[in-house]
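Just so we're aligned, residue 179 is where the sequence shown starts under the working numbering, counting upward by one.
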Amino acid sequence: MKVRILSIGADKSGLFEPAIAEYLKRIRRYVPVELVELPPSKKGGIDPQRAREEEGQSLLSRLKDSERVVVLDERGDLMGSEAFSREIVQDAMNRGRDLAFLIGGAEGHSAAVRSRADRILALSPLTLAHRLARLVLVEQLYRGFAIARGEPYHK
179 MKVRILSIGA DKSGLFEPAI AEYLKRIRRY VPVELVELPP SKKGGIDPQR AREEEGQSLL
239 SRLKDSERVV VLDERGDLMG SEAFSREIVQ DAMNRGRDLA FLIGGAEGHS AAVRSRADRI
299 LALSPLTLAH RLARLVLVEQ LYRGFAIARG EPYHK
(Lines of atoms letter the chains of each structure in order from A and count residues from 1; the text may use other names and numbers.)
(Lines give C-alpha, C1' and ligand atoms only; values in the text may rest on other atoms or scores of the structure.)
Protein backbone atom coordinates (compact mmCIF):
# COMPACT_ATOMS: atom_id res chain seq x y z
CA MET A 1 0.00 0.00 0.00
CA LYS A 2 1.17 3.52 -0.86
CA VAL A 3 -0.33 6.97 -0.31
CA ARG A 4 -0.02 9.86 -2.74
CA ILE A 5 -1.28 13.39 -2.21
CA LEU A 6 -1.73 15.25 -5.49
CA SER A 7 -2.18 18.95 -4.89
CA ILE A 8 -2.56 21.95 -7.16
CA GLY A 9 -0.12 24.68 -6.14
CA ALA A 10 2.94 24.72 -3.91
CA ASP A 11 3.44 26.09 -0.41
CA LYS A 12 6.16 28.68 -0.72
CA SER A 13 5.25 30.53 2.48
CA GLY A 14 7.28 28.36 4.82
CA LEU A 15 4.43 28.44 7.35
CA PHE A 16 3.11 24.90 6.90
CA GLU A 17 6.04 23.13 5.25
CA PRO A 18 7.84 22.07 8.46
CA ALA A 19 4.69 20.56 9.99
CA ILE A 20 3.73 18.81 6.73
CA ALA A 21 7.26 17.39 6.44
CA GLU A 22 7.08 16.12 10.03
CA TYR A 23 3.76 14.32 9.46
CA LEU A 24 4.94 12.86 6.16
CA LYS A 25 7.98 11.48 8.03
CA ARG A 26 5.69 9.96 10.67
CA ILE A 27 3.39 8.41 8.05
CA ARG A 28 6.41 6.81 6.35
CA ARG A 29 6.78 4.58 9.40
CA TYR A 30 3.60 2.88 8.19
CA VAL A 31 3.56 3.25 4.39
CA PRO A 32 5.37 5.05 1.59
CA VAL A 33 3.82 8.49 1.10
CA GLU A 34 4.43 11.14 -1.53
CA LEU A 35 3.27 14.75 -1.88
CA VAL A 36 3.07 15.81 -5.54
CA GLU A 37 2.64 19.55 -6.11
CA LEU A 38 1.25 20.48 -9.53
CA PRO A 39 1.26 23.98 -11.03
CA PRO A 40 -2.01 25.92 -11.00
CA SER A 41 -3.63 26.92 -14.26
CA LYS A 42 -2.69 30.35 -15.54
CA LYS A 43 -6.32 30.82 -16.63
CA GLY A 44 -7.77 31.02 -13.10
CA GLY A 45 -8.42 34.75 -12.90
CA ILE A 46 -9.75 34.92 -16.46
CA ASP A 47 -11.88 31.79 -16.80
CA PRO A 48 -12.55 29.75 -13.64
CA GLN A 49 -14.19 26.90 -15.57
CA ARG A 50 -11.19 26.54 -17.85
CA ALA A 51 -8.85 26.60 -14.85
CA ARG A 52 -10.87 23.80 -13.20
CA GLU A 53 -10.71 21.75 -16.40
CA GLU A 54 -6.95 22.24 -16.92
CA GLU A 55 -6.12 21.49 -13.31
CA GLY A 56 -8.48 18.52 -13.36
CA GLN A 57 -6.69 17.08 -16.39
CA SER A 58 -3.37 17.59 -14.63
CA LEU A 59 -4.61 15.65 -11.60
CA LEU A 60 -6.33 12.88 -13.59
CA SER A 61 -3.32 12.32 -15.85
CA ARG A 62 -1.21 11.38 -12.83
CA LEU A 63 -3.62 8.84 -11.33
CA LYS A 64 -3.00 5.13 -11.49
CA ASP A 65 -5.86 2.75 -12.28
CA SER A 66 -5.14 0.78 -9.11
CA GLU A 67 -5.49 3.76 -6.75
CA ARG A 68 -8.51 4.44 -4.61
CA VAL A 69 -9.18 8.13 -5.25
CA VAL A 70 -10.30 10.41 -2.43
CA VAL A 71 -11.16 13.91 -3.62
CA LEU A 72 -11.03 16.64 -0.99
CA ASP A 73 -13.83 19.12 -1.49
CA GLU A 74 -15.69 21.42 0.90
CA ARG A 75 -18.98 19.88 -0.35
CA GLY A 76 -17.84 16.33 0.40
CA ASP A 77 -18.79 14.02 3.25
CA LEU A 78 -17.70 14.98 6.75
CA MET A 79 -16.36 12.24 9.01
CA GLY A 80 -14.59 12.02 12.33
CA SER A 81 -11.08 10.70 12.79
CA GLU A 82 -12.16 7.19 13.81
CA ALA A 83 -14.46 6.88 10.79
CA PHE A 84 -11.67 8.21 8.55
CA SER A 85 -9.32 5.59 9.94
CA ARG A 86 -11.86 2.80 9.51
CA GLU A 87 -13.38 3.74 6.14
CA ILE A 88 -10.31 5.12 4.35
CA VAL A 89 -7.08 3.97 6.02
CA GLN A 90 -8.00 0.52 7.37
CA ASP A 91 -10.07 -0.33 4.29
CA ALA A 92 -7.08 0.43 2.03
CA MET A 93 -4.74 -1.52 4.33
CA ASN A 94 -7.05 -4.55 4.33
CA ARG A 95 -7.36 -4.51 0.55
CA GLY A 96 -3.70 -3.64 -0.05
CA ARG A 97 -4.92 -0.82 -2.27
CA ASP A 98 -2.98 2.40 -2.89
CA LEU A 99 -4.62 5.70 -1.97
CA ALA A 100 -4.54 8.98 -3.89
CA PHE A 101 -5.85 12.15 -2.25
CA LEU A 102 -6.62 15.04 -4.62
CA ILE A 103 -6.53 18.68 -3.52
CA GLY A 104 -7.78 21.05 -6.20
CA GLY A 105 -6.86 24.61 -7.02
CA ALA A 106 -8.55 27.86 -6.01
CA GLU A 107 -11.49 27.20 -8.35
CA GLY A 108 -12.18 23.72 -6.99
CA HIS A 109 -12.47 20.42 -8.86
CA SER A 110 -13.79 19.74 -12.34
CA ALA A 111 -16.75 17.43 -12.93
CA ALA A 112 -14.32 14.89 -14.41
CA VAL A 113 -12.30 14.77 -11.19
CA ARG A 114 -15.43 14.46 -9.07
CA SER A 115 -16.72 11.62 -11.24
CA ARG A 116 -13.40 9.73 -10.94
CA ALA A 117 -13.56 9.88 -7.14
CA ASP A 118 -14.17 6.75 -5.13
CA ARG A 119 -14.96 9.06 -2.22
CA ILE A 120 -15.47 12.83 -1.90
CA LEU A 121 -14.45 14.02 1.53
CA ALA A 122 -14.58 17.38 3.31
CA LEU A 123 -11.97 18.04 5.97
CA SER A 124 -14.19 20.72 7.53
CA PRO A 125 -17.41 22.58 6.78
CA LEU A 126 -15.17 25.66 6.63
CA THR A 127 -13.30 26.61 3.48
CA LEU A 128 -9.62 25.94 4.12
CA ALA A 129 -6.61 27.43 2.37
CA HIS A 130 -5.04 24.70 0.25
CA ARG A 131 -1.81 24.85 2.25
CA LEU A 132 -3.77 24.35 5.46
CA ALA A 133 -5.84 21.53 3.90
CA ARG A 134 -2.60 19.68 3.17
CA LEU A 135 -1.53 19.98 6.79
CA VAL A 136 -4.92 18.84 8.11
CA LEU A 137 -4.89 15.89 5.69
CA VAL A 138 -1.42 14.63 6.63
CA GLU A 139 -2.19 14.99 10.34
CA GLN A 140 -5.41 13.00 9.88
CA LEU A 141 -3.59 10.36 7.84
CA TYR A 142 -1.05 9.95 10.62
CA ARG A 143 -3.86 9.83 13.18
CA GLY A 144 -5.73 7.30 11.03
CA PHE A 145 -2.74 4.97 10.91
CA ALA A 146 -2.17 5.38 14.66
CA ILE A 147 -5.82 4.46 15.32
CA ALA A 148 -5.58 1.47 12.96
CA ARG A 149 -2.49 0.24 14.83
CA GLY A 150 -3.96 0.87 18.27
CA GLU A 151 -1.27 3.43 19.09
CA PRO A 152 -1.87 6.13 21.73
CA TYR A 153 -1.61 9.25 19.48
CA HIS A 154 -5.41 9.49 19.17
CA LYS A 155 -7.15 10.95 22.27
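Each residue gets a CB set at the ideal place from its N, CA and C atoms; glycine is no exception.
Here the structure is a predicted model, which is why all the values come from computation and not from measurement.
Report the option in the options whose CA atom is closest to the CA atom of residue i.
i      : options                           : result
Val291 : Lys203, Asp276 and Glu231         : Glu231
Lys203 : Ala188, Phe323 and Ala300         : Phe323
Ser244 : Asp296, Arg228, Pro210 and Glu200 : Asp296
Leu193 : His308, Arg321, Pro330 and Gly328 : His308
Pro217 : Thr305, Gly282 and Ser302         : Gly282
Out of curiosity, what's the CA-to-CA distance linking residue i and residue j?
i      : j      : result
Val248 : Ala278 : 6 Å
Glu212 : Val181 : 6 Å
Ile325 : Lys242 : 27 Å
Arg327 : Pro226 : 42 Å
Ser288 : Glu329 : 38 Å
Starting from residue i, follow its DSSP beta bridges and name the residues at the other end.
i      : result
Leu299 : Asp255
Ala278 : Arg182 and Val247
Gly283 : Gly286
First and last residue of the beta strand (DSSP E) that includes residue i?
i      : result
Val214 : Val211 to Leu216
If we count the other Cβ atoms within 10 Å of its Cβ and call it buried at 16 or more, is residue i buried or exposed?
i      : result
Glu317 : buried
Ile183 : buried
Ile224 : exposed
How is the alpha helix (DSSP H) around residue i delimited, first residue to last?
i      : result
Arg122 : Outside the shown range of the chain, which is 179 to 333, sits residue 122, and nothing can be said about it.
Gln227 : Pro226 to Leu238
Arg206 : No alpha helix (DSSP H) contains Arg206, which DSSP labels as neither H nor E.
Ala188 : Neither: Ala188 is in no alpha helix (DSSP H) and is coded neither H nor E.
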